Amino acid sequence: MENWDRVTDKGLPKRTPKISAPAPAPRTATPGVDAEALRRRLGGFHQGATQGRKDVEAALAEETGSLTPPGTEDGEPARDGAAAGPGSTRTPAAPTTADAREVPAEGDSAEEERR
162 MENWDRVTDK GLPKRTPKIS APAPAPRTAT PGVDAEALRR RLGGFHQGAT
212 QGRKDVEAAL AEETGSLTPP GTEDGEPARD GAAAGPGSTR TPAAPTTADA
262 REVPAEGDSA EEERR
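One gets the working numbering by counting positions in the sequence shown from 1 and adding 161 to each.
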């Protein structure tokens, strides 16, 4: 009959409570990262990613036989979906702050825009 103590009235197995582990001791503060070292490291990642994109675009241009990589005109990267051409698999670029119009810094421009 000891087996019946581990089952509910409906015949389902009872839960076995687990012992919760004690809270871990607070971690000691680690020293800050040198800003210049981090900037150099991230700059290296950025340069590698940029070079990788250029290599892939050059390889794609070789495969397709075109002189310029797909989605570009005169070596400039495509800024919107229209430059990529119909049937292109490239996604349109997201708008950047360069695309935003200039707003004067003084006055309540939001209120002036409503009028």
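Virtual Cβ for every residue (Gly too), placed ideally from N, Cα, C. Bear in mind that the values here come from a model prediction, so they are computed numbers and not experimental data.
Residues sharing a beta bridge with residue i, DSSP
i, result
"Val168", "Pro174"
Integer-rounded CB distance, given that residue j should sit under 8 angstroms from residue i
i, j, result
"Pro174", "Arg167", "6 angstroms"
Same chain, Cβ closer than 8 angstroms to residue i, five either side skipped, listed in chain order
i, result
"Asp170", "none"
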